[in-house]
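Below is one structure; the comments refer to it alone.
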Amino acid sequence: MVFVLCGLCMAEYSEKQQAALNDVATKCKKKLDLPEDSDIPKAVQYGDFAENGDLKKADYNDFQKETITMNADICKKELDIPAESKIQQMAMYGDLSRDDKKSKQYYSCMMLKMGFMEQDGAINGPEIVEFMAPQYDRDAVTTVVDACKSPEGKLIQDKAYAFAQCFFAKKSFEI
Numbered sequence: 001m002v003f004v005l006c007g008l009c010m011a012e013y014s015e016k017q018q019a020a021l022n023d024v025a026t027k028c029k030k031k032l033d034l035p036e037d038s039d040i041p042k043a044v045q046y047g048d049f050a051e052n053g054d055l056k057k058a059d060y061n062d063f064q065k066e067t068i069t070m071n072a073d074i075c076k077k078e079l080d081i082p083a084e085s086k087i088q089q090m091a092m093y094g095d096l097s098r099d100d101k102k103s104k105q106y107y108s109c110m111m112l113k114m115g116f117m118e119q120d121g122a123i124n125g126p127e128i129v130e131f132m133a134p135q136y137d138r139d140a141v142t143t144v145v146d147a148c149k150s151p152e153g154k155l156i157q158d159k160a161y162a163f164a165q166c167f168f169a170k171k172s173f174e175i
C-alpha cells in the first residue's frame, strides 16, 4: 500500500490536491486501523507501509525511477557495462563498495546525462534539488547538495564519485 501524506509541504499543492491527500491519509488510517489523531510522520510524501503498518524507508517515485533507468541504460551501453549489472541499483541506493574506474565513469555519465554535473565537473545543485524534491524534503536535499557541491578530484569521474560519496554519507533522509 502506498500512503500519500504531506504535512510540511502542503503549500506546494493546490487546495484540490490537498483535499485529495487528506482523503488518502484518512482512508489509510482507517485501513491500518489507526486512530484519527495518529501521529504519522507528516514529512512523508510517499512511504511504503509494511503489512504491520510500520513505515518502510522512502524510495524514488515512478518518474524518478524511470528517468534513472532510461539514463542508466544509455550509460551502461556507452560504457560497455552488462545489462544485468547491479550498478544502477548500487548507485541509486548509495552502495559505493565498487571504487573502480568503470563505476566512477558510470557516476559521471549518469550525472552528466541527468544534468546534475557540467562537463567541467561543476555540480548543478538546483537540478539535483528539483529532481529529488518531489519525493524528499527540499530543505534536506538542498542542505546535503550544498555540503557536497565542491567535490575533489582531477578527473570528472573522480568528482562525480566524490559527490556521490559525500551525498550518501551526509544525507539526513532515507532513500
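Per the UniProt record's numbering, the sequence shown runs over residues 1 to 175.
Beta carbons are placed, not taken as given, at the ideal position from N, Cα and C, and that holds for glycine.
I need the straight-line Cα distance from residue i to residue j, nearest angstrom please.
i, j, result
"I156", "K113", "13 Å"
"E174", "Q135", "11 Å"
"K171", "D80", "31 Å"
"D100", "D139", "32 Å"
"E152", "A162", "6 Å"
"A164", "A147", "12 Å"
"E66", "Q88", "12 Å"
"S150", "E84", "32 Å"
"E78", "A160", "17 Å"
"I128", "A122", "12 Å"
"K102", "M70", "19 Å"
What does residue i pair with, by DSSP beta-bridge criteria?
i, result
"I123", "M117"
Considering only residues of the same chain and omitting the five flanking positions on each side of residue i, which have a CB-CB separation below 7 Å?
i, result
"I74", "K113"
"E118", "N124"
"F168", "G94 and L96"
Using C-beta distances below 6 Å, list every residue in its chain close to residue i, excluding the 5 sequence neighbours before and after it, in chain order.
i, result
"C109", "C75"
"A72", "Q88"
"C166", "C148"
"Y107", "A160, Y161 and A164"
"T142", "V129"
Pick out whichever of the options has its Cα sitting closest to the Cα of residue i.
i, options, result
"D59", "N71, Y106, G125 and A133", "A133"
"L120", "K104, T142 and K154", "Contrary to the premise, residue 120 reads as Asp rather than Leu in this sequence. Cα-wise, what sits closest to D120 is K154."
"Q64", "P82, M111, F131 and K86", "F131"
"I68", "A91, E78 and K77", "A91"
"D158", "K86, Q105 and P82", "Q105"
Spatial neighbours of residue i within its chain, please: CB distance less than 8 Å, with the 5 preceding and 5 following residues excluded, ordered by chain position.
i, result
"residue 177", "Nothing about residue 177 can be reported from this structure: the residues present for the chain run from 1 to 175 only."
Starting from residue i and walking both ways along the alpha helix (DSSP H), at which residues does that stretch end?
i, result
"N61", "Unbroken run through N61: none, as it is neither H nor E."
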